[in-house]
Amino acid sequence: MKALMISANNFEDTEVLYPYYRIKEEGWKVDVAAPEGDRITGKHGISVSVDKSLYDVNPKEYDLLVIPGGKAPEEVRQNKDALNIVKSFFEDDKYVAAICHGAQVLISAGEMNGRSATCWPGIKDDVTAAGGKYRDTEVVVDGNLITSRKPDDLPAFMREVVSVMRELSRLEEEREKAA
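If you count by my numbering, then the sequence shown holds residues 93 to 271, one letter each, in order.
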(Lines of atoms letter the chains of each structure in order from A and count residues from 1; the text may use other names and numbers.)
(Lines give C-alpha, C1' and ligand atoms only; values in the text may rest on other atoms or scores of the structure.)
Protein backbone atom coordinates (compact mmCIF):
# COMPACT_ATOMS: atom_id res chain seq x y z
CA MET A 1 0.00 0.00 0.00
CA LYS A 2 1.26 3.48 -0.81
CA ALA A 3 0.59 7.00 0.39
CA LEU A 4 1.39 10.23 -1.40
CA MET A 5 2.17 13.45 0.45
CA ILE A 6 2.17 16.65 -1.59
CA SER A 7 3.81 19.79 -0.23
CA ALA A 8 6.32 22.56 -0.91
CA ASN A 9 8.68 24.82 1.00
CA ASN A 10 7.40 26.46 4.19
CA PHE A 11 5.28 23.47 5.23
CA GLU A 12 4.33 23.12 8.88
CA ASP A 13 7.09 20.77 10.06
CA THR A 14 5.02 18.60 12.41
CA GLU A 15 2.24 18.23 9.83
CA VAL A 16 4.71 16.53 7.49
CA LEU A 17 6.83 14.58 9.94
CA TYR A 18 4.12 13.13 12.18
CA PRO A 19 2.01 11.70 9.30
CA TYR A 20 5.09 10.61 7.34
CA TYR A 21 6.51 8.47 10.11
CA ARG A 22 3.16 7.26 11.40
CA ILE A 23 2.24 6.02 7.91
CA LYS A 24 5.60 4.24 7.63
CA GLU A 25 5.00 2.64 11.04
CA GLU A 26 1.90 1.03 9.53
CA GLY A 27 4.11 -0.59 6.89
CA TRP A 28 3.06 1.62 4.00
CA LYS A 29 5.40 3.30 1.54
CA VAL A 30 5.23 7.11 1.53
CA ASP A 31 6.32 9.26 -1.41
CA VAL A 32 6.74 12.99 -0.98
CA ALA A 33 6.01 15.05 -4.09
CA ALA A 34 6.65 18.77 -4.57
CA PRO A 35 6.54 21.28 -7.42
CA GLU A 36 10.32 21.17 -7.90
CA GLY A 37 13.64 20.26 -6.33
CA ASP A 38 14.91 17.27 -4.40
CA ARG A 39 14.27 18.75 -0.93
CA ILE A 40 11.68 20.97 0.72
CA THR A 41 12.17 22.92 3.94
CA GLY A 42 9.59 23.59 6.60
CA LYS A 43 8.76 26.81 8.44
CA HIS A 44 10.95 25.74 11.36
CA GLY A 45 13.93 24.58 9.27
CA ILE A 46 13.32 20.84 8.93
CA SER A 47 14.33 19.59 5.48
CA VAL A 48 12.61 16.62 3.81
CA SER A 49 13.65 14.65 0.73
CA VAL A 50 11.34 14.82 -2.27
CA ASP A 51 10.79 11.53 -4.08
CA LYS A 52 9.25 12.98 -7.25
CA SER A 53 7.94 16.13 -8.82
CA LEU A 54 4.20 16.72 -8.90
CA TYR A 55 4.45 16.45 -12.69
CA ASP A 56 5.76 12.87 -12.43
CA VAL A 57 3.08 11.57 -10.04
CA ASN A 58 0.67 8.92 -11.27
CA PRO A 59 -2.21 9.11 -8.74
CA LYS A 60 -3.36 5.59 -9.75
CA GLU A 61 -0.28 4.21 -7.94
CA TYR A 62 -1.44 5.46 -4.52
CA ASP A 63 -4.10 4.54 -1.99
CA LEU A 64 -4.03 7.68 0.19
CA LEU A 65 -3.24 11.36 -0.34
CA VAL A 66 -1.98 13.56 2.52
CA ILE A 67 -1.86 17.36 2.23
CA PRO A 68 -0.02 19.02 5.13
CA GLY A 69 -0.47 22.67 6.03
CA GLY A 70 1.74 25.61 6.83
CA LYS A 71 2.42 28.07 4.04
CA ALA A 72 3.17 25.35 1.46
CA PRO A 73 -0.46 24.90 0.30
CA GLU A 74 -0.41 28.46 -1.04
CA GLU A 75 2.21 27.32 -3.58
CA VAL A 76 0.80 23.83 -4.12
CA ARG A 77 -2.69 25.13 -4.91
CA GLN A 78 -1.27 27.09 -7.85
CA ASN A 79 0.24 23.98 -9.45
CA LYS A 80 -2.01 22.38 -12.08
CA ASP A 81 -0.40 18.96 -11.59
CA ALA A 82 -1.21 19.06 -7.87
CA LEU A 83 -4.82 19.97 -8.60
CA ASN A 84 -5.08 17.14 -11.12
CA ILE A 85 -3.72 14.72 -8.50
CA VAL A 86 -6.36 15.84 -5.99
CA LYS A 87 -9.13 15.59 -8.58
CA SER A 88 -8.00 12.09 -9.55
CA PHE A 89 -8.15 10.91 -5.93
CA PHE A 90 -11.70 12.19 -5.58
CA GLU A 91 -12.77 10.78 -8.96
CA ASP A 92 -11.48 7.36 -7.88
CA ASP A 93 -13.06 7.72 -4.42
CA LYS A 94 -9.69 7.32 -2.72
CA TYR A 95 -8.95 8.80 0.69
CA VAL A 96 -7.66 12.35 0.99
CA ALA A 97 -6.39 13.72 4.32
CA ALA A 98 -5.71 17.47 4.68
CA ILE A 99 -4.70 19.39 7.77
CA CYS A 100 -4.53 23.10 8.53
CA HIS A 101 -4.06 25.16 5.35
CA GLY A 102 -4.08 21.95 3.27
CA ALA A 103 -7.76 22.66 2.64
CA GLN A 104 -6.65 25.47 0.30
CA VAL A 105 -5.50 22.84 -2.19
CA LEU A 106 -8.90 21.12 -1.99
CA ILE A 107 -10.63 24.46 -2.58
CA SER A 108 -8.53 25.23 -5.65
CA ALA A 109 -9.17 21.72 -7.00
CA GLY A 110 -12.91 22.37 -6.71
CA GLU A 111 -13.42 19.48 -4.28
CA MET A 112 -14.84 21.27 -1.24
CA ASN A 113 -18.39 21.89 -2.46
CA GLY A 114 -20.93 20.09 -0.27
CA ARG A 115 -18.26 18.51 1.94
CA SER A 116 -18.09 18.81 5.71
CA ALA A 117 -14.57 19.78 6.75
CA THR A 118 -12.43 21.61 9.21
CA CYS A 119 -9.26 23.63 8.64
CA TRP A 120 -7.10 26.36 10.09
CA PRO A 121 -9.58 28.93 11.48
CA GLY A 122 -8.13 31.68 9.28
CA ILE A 123 -9.37 29.99 6.11
CA LYS A 124 -12.78 28.80 7.33
CA ASP A 125 -14.45 31.55 5.26
CA ASP A 126 -12.64 30.21 2.18
CA VAL A 127 -13.98 26.72 2.87
CA THR A 128 -17.50 28.09 3.27
CA ALA A 129 -17.20 30.27 0.14
CA ALA A 130 -16.13 27.14 -1.79
CA GLY A 131 -19.35 25.41 -0.72
CA GLY A 132 -17.90 23.49 2.20
CA LYS A 133 -19.62 23.00 5.53
CA TYR A 134 -17.11 24.21 8.12
CA ARG A 135 -17.00 22.46 11.48
CA ASP A 136 -14.80 23.70 14.33
CA THR A 137 -13.60 20.37 15.72
CA GLU A 138 -10.29 18.53 15.85
CA VAL A 139 -11.10 16.13 13.02
CA VAL A 140 -13.90 15.73 10.49
CA VAL A 141 -14.46 12.63 8.38
CA ASP A 142 -16.80 13.07 5.41
CA GLY A 143 -16.73 9.96 3.26
CA ASN A 144 -13.24 9.73 1.78
CA LEU A 145 -12.18 13.15 3.14
CA ILE A 146 -10.38 13.53 6.48
CA THR A 147 -9.57 17.06 7.71
CA SER A 148 -8.09 18.65 10.82
CA ARG A 149 -7.41 22.20 11.99
CA LYS A 150 -3.87 22.50 13.35
CA PRO A 151 -0.79 20.72 14.73
CA ASP A 152 -2.47 20.16 18.11
CA ASP A 153 -5.05 18.03 16.26
CA LEU A 154 -2.47 15.64 14.79
CA PRO A 155 -3.25 12.77 17.21
CA ALA A 156 -6.97 12.83 16.26
CA PHE A 157 -6.11 13.37 12.57
CA MET A 158 -3.74 10.42 12.46
CA ARG A 159 -6.12 8.25 14.50
CA GLU A 160 -8.63 8.58 11.64
CA VAL A 161 -6.02 8.25 8.90
CA VAL A 162 -4.54 5.11 10.48
CA SER A 163 -8.02 3.64 10.91
CA VAL A 164 -8.60 4.06 7.16
CA MET A 165 -5.17 2.66 6.34
CA ARG A 166 -5.78 -0.45 8.42
CA GLU A 167 -9.12 -1.04 6.72
CA LEU A 168 -7.56 -0.60 3.26
CA SER A 169 -4.73 -2.99 4.21
CA ARG A 170 -7.26 -5.55 5.48
CA LEU A 171 -9.24 -5.34 2.22
CA GLU A 172 -6.04 -5.73 0.18
CA GLU A 173 -5.08 -8.84 2.16
CA GLU A 174 -8.54 -10.32 1.53
CA ARG A 175 -8.20 -9.62 -2.22
CA GLU A 176 -4.80 -11.29 -2.31
CA LYS A 177 -6.10 -14.38 -0.48
CA ALA A 178 -9.05 -14.66 -2.85
CA ALA A 179 -6.83 -14.40 -5.95
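Think of the CB as a built atom: it goes at the ideal place given N, C-alpha and C, for glycine as much as any other residue. Bear in mind that the values here come from a model prediction, so they are computed numbers and not experimental data.
State the start and end residues of the unbroken beta strand (DSSP E) segment that holds Glu94.
The sequence shown places Lys at residue 94, not Glu. In the DSSP assignment, Lys94 falls within the unbroken beta strand (DSSP E) covering 94-98.
If we ignore side chains and look at the alpha-carbon of each, how far apart do Arg114 and Ala221 end up?
If you take the alpha carbons of Arg114 and Ala221, they lie about 33 Å apart.
Cβ-based neighbour list, Ala100, same chain, cut-off 7 Å, excluding 5 preceding and 5 following
Excluding sequence positions up to five before and after Ala100, its CB lies within less than 7 Å of the CB of Ala126, Pro127, Ile132, Ala164, Glu167, Val168, all in the same chain and listed in chain order.
Gly161 versus Lys242 - alpha carbon distance
Cα-Cα distance, rounded: 8 Å.
Have a look at Thr106, Gly137, Asp143, Gly235 and flag the residue whose alpha-carbon is nearest the alpha-carbon of Val256.
For the residues Thr106, Gly137, Asp143, Gly235, the minimum Cα distance to Val256 belongs to Gly235.
Nearest to Leu237 by alpha carbon, out of Leu109, Asp148, Asn150, Ala195?
Ranking Leu109, Asp148, Asn150, Ala195 by Cα distance to Leu237 puts Ala195 first.
By a C-beta neighbour count over all protein chains shown, 10 Å radius and 16 as the cutoff for buried, is Tyr147 buried or exposed?
Looking at its Cβ environment, which holds fewer than 16 other Cβ atoms inside 10 Å, Tyr147 is exposed.
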